[in-house]
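Following: one structure in structure tokens, then a few remarks.
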Amino acid sequence: QVHLVESGGGLVQAGGSLRLSCAASGSIFGSNNMGWYHQAPGKQREVVARITSGGSATYGDSAKGRFTISRDNAKNTVSLQMNSLKPEDTGVYYCWLLQYSVLRESWGQGTQVTVSS
């Protein structure tokens, strides 16, 4: 079983920055993708960014040009640097991990980000 713990959420003014971090522990075997999802109040969870074990990253449309995802394979961590934050970025951010060897997804408990206008 994989356990994901997020940190770094909080309250920030529009235009500001936050850095989210996620640490993975437990039974992690083989290559995996890690990433971040965003769930705004009353809306479905949407992908923000994902990154492969090899470091290849993809971004959701709202994150392009503003957010940067990175990971440390040795530490099993993934981070999300969020710049130029907007009020619509408000919501809960979830860490995500997909293990290809067992085709299993894992989710963190989420961290709240609030961007004030």
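Quick note on the numbering used here: the sequence shown kicks off at 3 and runs consecutively.
Here a beta-carbon is modelled for each residue, glycine too, at the ideal position from N, C-alpha and C.
Since the structure is predicted, the reported quantities are computational estimates derived from the model, not experimental observations.
Can you grab the Cα-Cα spacing for the pair residue i / residue j, in whole Å?
| i | j | result |
| --- | --- | --- |
| V50 | M36 | 11 Å |
| W98 | S119 | 28 Å |
| S27 | S108 | 11 Å |
| S81 | R21 | 7 Å |
| T116 | V4 | 27 Å |
| R106 | W38 | 16 Å |
| Q83 | S19 | 7 Å |
Excluding the five sequence neighbours on either side, which residues of its own chain have a C-beta within less than 8 Å of the C-beta of residue i, listed in chain order?
| i | result |
| --- | --- |
| N75 | S55 |
Taking 6 Å as the limit between beta carbons, can you name the residues of its chain near residue i, skipping five residues before and five after?
| i | result |
| --- | --- |
| F31 | S103 |
| A65 | V50 and A51 |
For residue i, which residues of its own chain have a beta-carbon under 7 Å away from its beta-carbon, when the five flanking residues on both sides are left out?
| i | result |
| --- | --- |
| Q114 | G11 and V94 |
| A16 | L87, K88, P89, V117, S118 and S119 |
| G110 | L6, V7, E8, C24, Y96 and C97 |
Residue i and residue j look like a contact to me (Cβ under 8 Å); what is the Cβ gap, rounded to whole Å?
| i | j | result |
| --- | --- | --- |
| E8 | G112 | 7 Å |
| T79 | S23 | 6 Å |
| R68 | I53 | Their Cβ separation, rounded to whole angstroms, is 16 Å, which puts R68 and I53 out of contact at 8 Å. |
Three-pair Cβ contact test at 8 Å for the segment 8-20 versus the segment 54-63: no
3-residue-minimum beta strand (DSSP E) runs that sit fully inside the segment 42-118, ordered along the chain: 48-53, 59-61, 69-74, 79-84, 93-101, 106-109 and 113-118
The segment 73-90 / the segment 100-109 touching (three or more Cβ pairs under 8 Å): no
Every unbroken beta strand (DSSP E) inside the segment 9-36 [3 residues or more]: 12-15 and 20-28
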